[in-house]
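Just so we're aligned, residue 726 is where the sequence shown starts under my numbering, counting upward by one.
Note that CB positions come from ideal geometry on N, CA and C, so glycine has one too.
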Amino acid sequence: MCSVQKFGWTIFLTLALIGCRANVQDITRDLRLNLGIEPATIDPALATDPGAQQIARMLFANLIEIDPATTPQHALAISWAVSSDGLIWEFKLRDDAIWVRYVPARNLFETKRKITARDVVYSVRRVFDPRVGSGFAMQFAALIRGAEQLRGADPNKTSDADFERLFSALGVSAVDDFTLRFTLTRPASFFPTILSAWLARLQPREAIEAGGSVWTEPGTIWTSGAYALERWAHNREIVLRKNPYWFDAASVSIERIRFAMIADTATALDEYKNGNLDSLDPYGGLAATDVEQLREDPFISKQLQIVPTLCTHYYGFNTAKEPFKDPLVRKAFIAATDRDTLVSSVIKLGEPARWFTRPGIYASSDISDTLGAPLAFNVKNAREFIQQSSYAGKRLPAITLGVNTSEAHIVFAETLAQMWKTNLNVEVRVARLDWKSYLQNLRDNAPEIFRLGYCAYYPDAANFANVFRPNSPDNFTRWNSPQLDQIITTAARENDATKRRAHYRAAEKMLIEDNAVILPLWWSDRATLTKPHIKRSFAITDGFERFETWEIR
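Written out as structure tokens, the structure reads:
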């Protein structure tokens, strides 16, 4: 069945699915947004910058999506089940999803073929194929059987036949056209949430193999999401058109979306005020000073929205260096930190963090939790911790606080260094390095205290908890705990949501309160503006907007 759409009329013709064409709807109003910068690529296996990922998310369907409550929702997958040992997951796929190609020169859509489980297998293999170089491979390889071996293969020393053997050993396979199977290395009750990220977002094999390096250009690209690529004027604009063949097209009301590429946030704000943008999203980027000024405007302040992100900023203690070998000294520095004042006076856009995992995601502690309360700001308690420590009656040694060369982070560090000097009588030197050198320094010889932030790849407490496991590449504290590792392993096996939350809370308590390994500072927020005629949702769980749910009123 093919639907030819033009001028608001719908005519149904009985045609073969392959090669079916549909003219697009007439458009009366575009949604005008700002992408910020030119995407390096919109290939879903390679898109790593936020703008590129936003476009890829709209063009390419996924097995599973996440709702605002961080609950996995059906997308290509209509059901799933897991084996009793937690290692094998099977997904039943819908049979009405298809690949399409929008042809700009003719202003029509061509349908290509049905999407099957083999498309997902190809896409997952491509993520882990070292010849592709996907930035997502490292994040998910440890969980999928055979993925580490495939990811670690040397493209210069591995034959095509050997790659085929590695592909066959990878823990993803098509049972039949619409049944998909994953085999894991360890139980992970949150696996559907992981699939909502970038592991299984569809990639069109025929278009990639035929198009080469230009397969993502308009007229060449095959897509499967709510929107298709109409136009890409590089470094100027990307235009998307509603896909009439998307399996949930009836719920999409906006026919066309225009993404400007305005990197300068002040210019973007001017464009918004002048009526040339309907929202500052997805690039956003309002600074705290902008927010303060906008709040004073009685008209535009009503269009302002503060939205949580999945990012936590923290200071880590190098537990292999004095004085932070002693957990009581670490507790003293935490208790001597007035996070409320620092966030309100320096950051001005965020919430003081009392633990590591951002509240609001699946299996995380609720914002009302008392986690971290024993180390809340209290100078008297901070000084008592010192008197109970190995430094009782001694002056603390001078300390180096490492930060990267960001003005905001430098100001924050210098303010906190002065706070510690006042509250603990300790000298703290702020050392600055460019980001690349800073990361290398953390690996080689991290200072006594260092600044870092972590943004989750998928909205589940497991993503945050894994940061401080013994073999985590993100753990620069030199603190390892088999007990913490066991708690996280137990949580990953648990299917009961309440029990999982309790396990992750126990892990946080061990990290934040009992051992005081890090000093959580603030949970990031972002500020954006949206015109009153736009009815919208707000991306909280993964940072990407669901523009297919927006409406122009």
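So residue 870 packs on residue 896, CB below 8 Å; how close in whole Å? 3 Å
In angstroms, rounded to a whole number, what distance separates the CA positions of residue 1257 and residue 1108? Answer to the nearest angstrom: the Cα atoms are 52 Å apart.
Return helix, strand or coil for residue 772, following the three-state DSSP convention. Reduced to three states, the DSSP call for residue 772 is coil.
Counting along the chain, where does the alpha helix (DSSP H) carrying residue 1028 start and finish? Looking at the DSSP string, residue 1028 is not in any alpha helix (DSSP H), and its letter there is neither H nor E.
Out of 961, 766, 755, state which residue places its alpha-carbon closest to the alpha-carbon of residue 937. 766
Return the CA-CA distance between residue 726 and residue 837, expressed in angstroms with no decimal places. Residue placement at residue 726 cannot be trusted, given a pLDDT of 36 that sits under 50; what the coordinates show is reported in the next sentence. Taking the straight line from one Cα to the other gives about 13 Å.
Taking all protein chains shown into account, decide if residue 798 is buried (16 or more other Cβ within 10 angstroms of its Cβ) or exposed. exposed
Span of the alpha helix (DSSP H), counted from its first residue to its last, around residue 1058: 1052–1060
Buried/exposed call for residue 999, threshold 16 Cβ in 10 Å: Flag for residue 999 reads exposed.
Taking one C-beta from the stretch 1005–1019 and one from the stretch 1204–1218 each time, how about it: are there three or more such pairs within less than 8 Å? no
From the DSSP output, read off the bridge partner residues of residue 1033. 1250
With DSSP run on the structure shown, which of helix, strand or coil describes residue 758? strand
Curious, which full-length alpha helix (DSSP H) runs of at least 4 residues does the stretch 858–918 contain? Taking 4 residues as the minimum length, the alpha helix (DSSP H) runs contained wholly in the stretch 858–918 are 862–865, 872–876, 885–894, in order along the chain.
Residues in the same chain with beta-carbon distance under 6 Å from residue 1011, minus the five sequence neighbours each way, listed in chain order, please. 1252
Less than 6 Å between C-beta atoms, sequence neighbours within five positions excluded: which residues of the same chain meet that for residue 789? 797, 800, 802, 917, 920, 921
With DSSP as the reference, label residue 828 as helix, strand or coil. strand
By the 10 Å Cβ neighbour count, where 16 or more other Cβ atoms means buried, how is residue 1063 classified, buried or exposed? Around the C-beta of residue 1063, 16 or more other C-beta atoms lie within 10 Å, and the residue is accordingly described as buried.
Beta-carbon proximity check, residue 1275 vs residue 1031, cutoff 7 Å: no
Rounding to the nearest angstrom, what Cα-Cα distance links residue 751 and residue 1095 in this structure? Because residue 751 carries a pLDDT of 49, less than 50, the predicted location of this residue cannot be relied on, and the following value inherits that uncertainty. Spanning the alpha carbons of residue 751 and residue 1095 requires a straight line of approximately 55 Å.
With 16 other CB atoms within 10 Å as the buried threshold, where does residue 1293 fall? Absent from the structure is residue 1293, since the part of the chain shown begins at 726 and ends at 1278.
Pull up the distance between the alpha-carbon of residue 1141 and that of residue 1067, whole angstroms please. 8 Å
Is it buried or exposed for residue 1143, if we count other Cβ within 10 angstroms and need 16 for buried? exposed
Considering residue 805, what are the terminal residues of the beta strand (DSSP E) in which it resides? 802–807
Distance, residue 1112 Cα to residue 1119 Cα: 9 Å
Proximity winner among 1263, 1193, 1093, relative to residue 1237 (alpha-carbon distances): Minimum Cα distance to residue 1237 is reached at 1193.
Nearest to residue 761 by CA position, among 822, 1231, 983, 1128, is which residue? 983
Taking all protein chains shown into account, do 16 or more other C-beta atoms lie within 10 angstroms of the C-beta of residue 1204, making it buried, or fewer, making it exposed? A buried status is given to residue 1204, since no fewer than 16 other beta-carbon atoms sit within 10 Å of its beta-carbon.
contact_flag[the stretch 940–955, the stretch 1215–1230] where n(CB pairs < 8 Å) is 3 or more: no
Whole-angstrom distance between residue 981 and residue 754, CA atom to CA atom: Rounded to whole angstroms, residue 754 to residue 981 spans 8 Å at the Cα level.
Of all the options 1100, 1088, 1121, 1158, which has the alpha carbon lying nearest to the alpha carbon of residue 1184? Cα-wise, what sits closest to residue 1184 is 1088.
If we count the other Cβ atoms within 10 Å of its Cβ and call it buried at 16 or more, is residue 935 buried or exposed? Residue 935 counts as exposed, since fewer than 16 other C-beta atoms from the protein chains shown sit within 10 angstroms of its C-beta.
Please classify residue 1228 as buried or exposed, where buried requires at least 16 other C-beta atoms within 10 Å of its C-beta. buried
Inter-residue Cα distance where the pair is residue 1024 and residue 1039: 36 Å
Whose C-beta lies closer than 8 Å to the C-beta of residue 1197 among residues of the same chain, with five residues either side of it excluded? 1191
Report back the beta-carbon spacing between residue 844 and residue 1075 to the nearest angstrom; my notes put them in contact at under 8 Å. Actually they are not in contact, since the Cβ atoms of residue 844 and residue 1075 sit about 40 Å apart, beyond 8 Å.
Identify, in the order they occur along the chain, each residue of the same chain with its Cβ nearer than 8 Å to the Cβ of residue 877, setting aside the five sequence neighbours on each side. 855
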